[in-house]
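Protein chains in written order, with my numbering: chain A, 64 to 660; chain B, 2 to 291. Cβ atoms here follow ideal geometry from the backbone N, Cα and C, with glycine treated the same way. Structure first, commentary second.
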Amino acid sequence: MLPLFTTPWAFAALLAIPALAGLYWLRNSFRLVPVSSLLLWLDQAEARTSGLRVRRLQTPLLFFLELTVLILLAVAATGPRLETSQGHWPLVVVLDDSYSMLAGGDESPKALALEMVADELRWGDEYPVRFVLAGTSPQVLGETAHDWSAGRELLRGWRCLSPAARLSEAMAFAAELGGDKSRILVVTDQKPPDELPAGRIVWRAFGRHQSNLALVRAGRAGQGGQRCFFEIANFSAAEQTTSFLLKEADRSIMNERLTLKPKEVRRVSLQIKGVDGALSASLPDDALAIDNHVILLPEELPKAAVEIQVKDDALRALMENSFDATGLTKKSAGKADLFVVDDVDLASVDAETWVVQLLREKEADAFTGPFVVDRTHPLTEGLSLQGVVWGGGKAEDLPGRPVILAGSVPLLTEVENATGQRILRWRLRPDLSTLTELPAWPVLVWNLVHWRATELPGLRATNLRLGQSAVLKVGGPLREPPAANGTRSVPTTMDSIAVRKPSGASQKLNVHSRRATILTDDVGVYEVRSGDKNYSFAVNALSAEESDLSSCVSGRWGEWTEDGVPESALRTVAWVLLLLALGVLTWHLALASRGAR
Amino acid sequence: MSSSLRQALLEGERAGSHYVLTTPRGLPLGTVGPHQGARTGSSLEFREHRDYQPGDDLRYVDWSVYARSDKLVVKLYHEEVTPHLDIVVDSSRSMALAGTTKAEAAVGLAAFFAVAAENAGMTQKLWWAGDGCAQPPACQGRAHTWDLPAFDFAASFAESFARRPPLFRPRGLRVLLSDLLWLGDPMHVLAPCADRATATIVLQILADADVRPPERGNLRLLDVESGQTLELLVDDAAARRYGAALERHESNWREACRRVGAIMTIVVAEEWLEERRLDELVAAEVLQVL
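In structure tokens:
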């Protein structure tokens, strides 16, 4: 027989409960109140005394006090030994989001950790649980979960595709997020730092030491990507033999067996002339699959279309030779990217064409310095004017922002107009100058062409590490050019680009200031569509720290104690219950008398 | 547009005509124009000397000082500007909460600032933050002639910004009119607002019902924006927690405003419609009484 029915006083108290509930049940009703936002009411759900979120029976506070007293008396009358628990504090689970958590396939730290979360968390107790992803920066994973089904849904977002796990930052963030009374559970494959704060953090590691060979660096360079290199690391404590396979589509370029000593990193470099497509390098499957494959796309800076219209034959020839020598230009067919000219009507030039206006003024001087150079400007990178004689006009007025001056006389100025078009004014009298015969000349010309080429539409890099951001420059003027009647320019509407991730998911991103930044969170080839143009870039998991599984461990560190830790034990609690009943009655009396007043 | 909103525009315009909009740190900035700006620029009025730093405009190097001391020193001048004001109005449903006058206060404040800006010789533009931020077509000219769309956006102000942010004019003043009652990082809205702004002013418009929670008892609270409901027993303790949550929310916004250099003030709609004064902004030198 149940202990309650062996004690008549307890039984009598129990009978009073449904009677009390029935009285209040009849009084239950709800009033609908529209509010601006539920935001400020959300934390009421966790309150234990009032503002209680209603799930089944909604009753005023007094009812709960009376009910509590009855239950306390009924239970106390049985002389119970109850299991006490304080495990209702919020729990914040910090999840290591780095890709080393995927090592081991079905027995990966991630899979083991998921089992632990399902088995060991006391979902039945309905304490709120939040998840924080520890990647390169902490990130909250969804809203608060109050049961396992909600938690399981949230944990689908735990993908372990980050190139690093900043656990310390994530723990600090979790402590802020959960508040003073929260408990923190860290789930990772690494051992904890030197010392864990007592009583608040439990650290669970599910890693294990495993041998792993990985591609840790890769690159492709040269015009058209004709050179490439790969670095293969052996992170095990024993010598390992592996086969390195390099392919372009289905065509094998290299298939070589490599024997690597413990902790050795082997570099493989090769020329790949005539290979224009994506290169795919791979190692055989081992403990960690993600670092065994690398895709390299051709890296090529777009060439700037240059048009030169200079009347002076010698200067024109000099300019043409100098620009050709950079290797970054192409002949202009139609609209030029860079227009070098000595006399121009700027209104007739396309808004996306940069103009270099060469000024050969009659009132000129040969300047030997001192030259004042704006070192923050892209045109002056690596430029030295030591010993240069620069011939040019000597008037102190020249439109635009000075880049190079001889004393107070601007020799080279630059201005960007409202459409984003840049206009450079370059004073140069070759007959009075030694500039064109000294090393400063090719530096200046190369800087000019390279600057223009880097501002052309397209991707700045096509091979990225996981977690890096891809930057796409988008063409088109910032604003419509001013109308002929002088009215103000009208801003163009905001552009957007479409991104297709390796997983097949699509995303639309806004373009700001002709630039779109794409965050990478998956490995493989991303496809980007901007207007009628398509671009691709590859993302690879190249992080030696994550591929090195030698420091992975399993274990449990720390305990939740004192503040908010469920420390289960059976204790005789009848006296506690009576004291509580007395306290609740006093409270009830105070509330009831206040209500009466 | 309802007659009460039309009346609010008229009253707001009338109240704003007694004020001039300015900036907290002196004078406004904008495109080149007749006013003297607070920043360094290219007018003829000399401001000060300081050492040259990489990136400075080399036109302003003082060559006479360079000749005497072999030291690069730049001369700084005041710039000349025509200031501009962008007013952004939150048109989410919570701004037209039934039984409150938040919508009237919002449009009244928009008219108030438009007139105060006009008194300061500034140009103005109104942005309606609904399904993306856009200029209402019939909102040119004097404020009392505006034909404003409805407050019917079923998501938050931040969502409106995320869909399509306003095309702010660089170096202008920006005024945000919203109840700021949504869950999320304030920086998602404040950062684009304060980007290249001379000053950003955030007015949190709350109704009396927002400041003081509803009556006690068993309530089914209905979120007018999302349609979600929450059933609560509201007693004094719950009301106190609500007050604390509101205070915490405002404190977060004030901290975010401080980080981006914005000025925030709280306006209770019913009180403002009675007095139509913004003493806090007058004290902060954002407004001057004519």
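Quiz item: Using the rule of at least 16 other Cβ atoms within 10 Å of the residue's Cβ for burial, across every protein chain shown, is A:Leu652 buried or exposed?
Solution: Here residue 652 of chain A refers to the residue found at position 589 of the first sequence. A:Leu652 is exposed by the Cβ-count criterion.
Quiz prompt | Contacts that A:Trp104 makes with chain B (C-beta to C-beta distance below 8 Å) | solution = To locate residue 104 of chain A, count along the first sequence from 1; it is residue 41. Chain B residues near A:Trp104: Leu222, Leu231, Leu233, Tyr243 and Ala246.
Exercise. Compute the Euclidean distance between the alpha carbons of A:Gly167 and A:Leu351, then round it to the nearest angstrom.
Key: Taking the first sequence and counting its residues from 1, one reaches residue 167 of chain A at position 104. Taking the first sequence and counting its residues from 1, one reaches residue 351 of chain A at position 288. Their backbone Cα atoms lie some 6 Å apart in a straight line.
Quiz item: Do we get a CB-CB distance below 9 Å when we pair B:Ala210 with the residues of chain A?
Solution: The sequence position of residue 210 of chain B within the second sequence is 209, counting from 1. At least one chain A Cβ lies under 9 Å of B:Ala210.
Quiz item: So which of A:Leu154, A:Pro71, A:Met179 and A:Ile80 has the shortest CA-CA distance to A:Ile134?
Solution: By one-based count along the first sequence, residue 134 of chain A stands at place 71. Among A:Leu154, A:Pro71, A:Met179 and A:Ile80, the Cα nearest to that of A:Ile134 belongs to A:Ile80.
Self-check item: A:Asp428, enclosing alpha helix (DSSP H) - first and last residue
Solution: Locating residue 428 of chain A in the first sequence gives position 365, where the first residue counts as 1. Careful: A:Asp428 lies outside any alpha helix (DSSP H), inside the beta strand (DSSP E) at Ala427 to Phe430.
Quiz item: On the premise that B:Leu233 lies in contact with B:Leu222, defined as a C-beta separation below 8 Å, what is that separation, rounded to the nearest angstrom?
Solution: Locating residue 222 of chain B in the second sequence gives position 221, counting from the first residue. Locating residue 233 of chain B in the second sequence gives position 232, counting from the first residue. Yes, they are in contact, since the Cβ atoms of B:Leu222 and B:Leu233 sit about 6 Å apart, within 8 Å.
Self-check item: DSSP bridge partner residues for B:Gln289 (one or two, in chain order)
Solution: Numbered from 1 along the second sequence, position 288 holds the residue referred to as residue 289 of chain B. B:Val21, per the DSSP bridge assignment.
Quiz item: Where does A:Ala284 fall in DSSP's three states?
Solution: In the first sequence, counting from the first residue as 1, residue 284 of chain A sits at position 221. In this structure, A:Ala284 counts as strand in the three-state DSSP scheme.
Quiz item: Under a CB-based cut-off of 9 Å, is A:Pro201 close to chain B?
Solution: Start at 1 with the first residue of the first sequence, and residue 201 of chain A comes out as number 138. Not one chain B Cβ lies under 9 Å of A:Pro201.
Quiz item: Could one say the Cβ of A:Val98 lies closer than 9 Å to chain B's Cβ atoms, at least one of them?
Solution: Against the first sequence, residue 98 of chain A aligns to sequence position 35. So, interface residue.
Quiz prompt | Residue range of the beta strand (DSSP E) that includes A:Gly455 | solution = In the first sequence, counting from the first residue as 1, residue 455 of chain A sits at position 392. A:Gly455 -> beta strand (DSSP E) spans Trp453 to Gly456.
Quiz item: What are the boundary residues of the beta strand (DSSP E) that includes A:Pro473?
Solution: Counted from its first residue, the first sequence places residue 473 of chain A at position 410. Residues Val472 to Glu479.
Quiz item: Just to confirm, are A:Ala601 and A:Asn526 a CB contact at a threshold of 9 Å?
Solution: Here residue 601 of chain A corresponds to residue number 538 of the first sequence, with the count starting at 1. Here residue 526 of chain A corresponds to residue number 463 of the first sequence, with the count starting at 1. A contact, by the Cβ cut-off of 9 Å.
Practice problem: Consider the Cβ of A:Ser471: report whether some Cβ of chain B lies at a distance smaller than 9 Å. | Solution: To locate residue 471 of chain A, count along the first sequence from 1; it is residue 408. Yes, its Cβ sits closer than 9 Å to a Cβ of chain B.
Practice problem: Specify the secondary structure class of A:Ala579 as computed by DSSP and reduced to three states. | Solution: For this step, residue 579 of chain A is matched to residue 516 along the first sequence. Looking at A:Ala579 - three-state DSSP - the assignment turns out to be strand.
Self-check item: CB contact flag (B:Leu98, B:Ala210, <9 Å)
Solution: Residue 98 of chain B sits at position 97 when you count from the first residue of the second sequence. Residue 210 of chain B sits at position 209 when you count from the first residue of the second sequence. Yes, Cβ-Cβ distance for B:Leu98 and B:Ala210 is below 9 Å.
Quiz item: Is A:Lys536 helix, strand or coil when you go by DSSP?
Solution: Counting from 1 along the first sequence, the entry for residue 536 of chain A is found at position 473. A:Lys536: strand per DSSP, three-state reduction.
Quiz item: So with Cβ pairs under 9 Å, would you call A:Phe430 a contact of chain B?
Solution: Looking up residue 430 of chain A in the first sequence gives position 367. So no, A:Phe430 is outside the interface.
Quiz item: If you measure from the beta carbon of A:Phe93 to each beta carbon in chain B, is any gap under 9 Å?
Solution: As a position in the first sequence, residue 93 of chain A is number 30, starting the count at 1. Judged by the 9 Å Cβ criterion, A:Phe93 is in contact with chain B.
Quiz item: Using 9 Å as the limit for Cβ to Cβ distance, is A:Val435 near chain B?
Solution: Sequence index remark: in the first sequence, residue 435 of chain A carries index 372 (1-based). Judged by the 9 Å Cβ criterion, A:Val435 is in contact with chain B.
Exercise. Give the secondary structure of B:Lys103 by DSSP, where H, G and I count as helix, E and B as strand, and everything else as coil.
Key: Position 102 of the second sequence holds residue 103 of chain B. Helix.
Quiz item: Going by Cα to Cα distance, which pick from B:Leu220, B:Leu127, B:Cys134 and B:Arg60 is closest to A:Asp460?
Solution: The count along the first sequence starts at 1 and reaches residue 460 of chain A at position 397. With distances taken between Cα atoms, A:Asp460 lies closest to B:Arg60.
Practice problem: Kindly indicate which three-state DSSP category B:Arg197 falls into: helix, strand or coil? | Solution: Mapped onto the second sequence, residue 197 of chain B falls at position 196. Three-state DSSP puts B:Arg197 in coil, outside helix and strand.
Quiz item: Of the residues B:Phe162, B:Ser92, B:Thr23 and B:Leu181, which one's Cα is nearest the Cα of B:Gln205?
Solution: Counting from one through the second sequence, the residue named residue 205 of chain B turns up at place 204. Measuring from the Cα of B:Gln205, the nearest candidate turns out to be B:Leu181.
Exercise. Just the C-alpha distance for A:Ala181 and A:Val338, rounded to the nearest angstrom, thanks.
Key: Looking up residue 181 of chain A in the first sequence gives position 118. Looking up residue 338 of chain A in the first sequence gives position 275. Cα to Cα, A:Ala181 sits roughly 50 Å from A:Val338.
Quiz prompt | Bridge partners - A:Asp159, DSSP secondary structure assignment | solution = As a working mapping, residue 159 of chain A is identified with position 96 in the first sequence. According to DSSP, A:Asp159 bridges with A:Ala197.
Quiz item: For A:Leu333 versus A:Ile358, is the C-beta spacing smaller than 9 Å?
Solution: Residue 333 of chain A sits at position 270 when you count from the first residue of the first sequence. Residue 358 of chain A sits at position 295 when you count from the first residue of the first sequence. Result no, Cβ atoms of A:Leu333 and A:Ile358 do not sit closer than 9 Å.
Quiz item: Can you give the Cα-Cα distance for A:Ser385 and A:Leu448, rounded to whole angstroms?
Solution: Your numbering for residue 385 of chain A matches position 322 in the first sequence. Your numbering for residue 448 of chain A matches position 385 in the first sequence. If I take the Cα positions, the gap works out to 18 Å.
Quiz item: Listed in chain order, which residues of the region 166–178 of chain B have Cβ atoms closer than 8 Å to some Cβ of chain A?
Solution: Leu168
Practice problem: Can you give me the Cβ contacts of B:Asp63 inside the same chain, cut-off strictly under 8 Å, excluding the 5 residues immediately before and after it? | Solution: Here residue 63 of chain B refers to the residue found at position 62 when the second sequence is read from its first residue. Excluding positions up to five away in sequence, the list reads His50, Val74, Val75 and Lys76.
Quiz item: With a Cβ-Cβ cutoff of 9 Å, do B:Gln1 and B:Thr102 count as a contact?
Solution: For residue 1 of chain B there is no data in the structure shown, the boundaries of chain B being 2 and 291.
Quiz item: By how many angstroms is the C-alpha of A:Asp413 removed from the C-alpha of A:Pro462?
Solution: In the first sequence, the residue the question calls residue 462 of chain A occupies position 399. In the first sequence, the residue the question calls residue 413 of chain A occupies position 350. Each residue's Cα considered, the two are about 20 Å apart.
Quiz item: Name the chain A residues that come within less than 7 Å of B:Leu59, Cβ to Cβ?
Solution: Taking the first residue of the second sequence as 1, we reach residue 59 of chain B at position 58. Val435, Asp437, Pro465 and Leu468, listed in chain order.
Self-check item: Whole-number beta carbon distance between A:Ala281 and A:Phe293, since they are thought to touch under 8 Å
Solution: Here the question's residue 293 of chain A lines up with position 230 in the first sequence. Here the question's residue 281 of chain A lines up with position 218 in the first sequence. Sure, about 5 Å apart at Cβ, within 8 Å.
Quiz item: Secondary structure at B:Val75, three-state DSSP: helix, strand or coil?
Solution: For this step, residue 75 of chain B is matched to residue 74 along the second sequence. Note: B:Val75 maps to strand in three-state DSSP.
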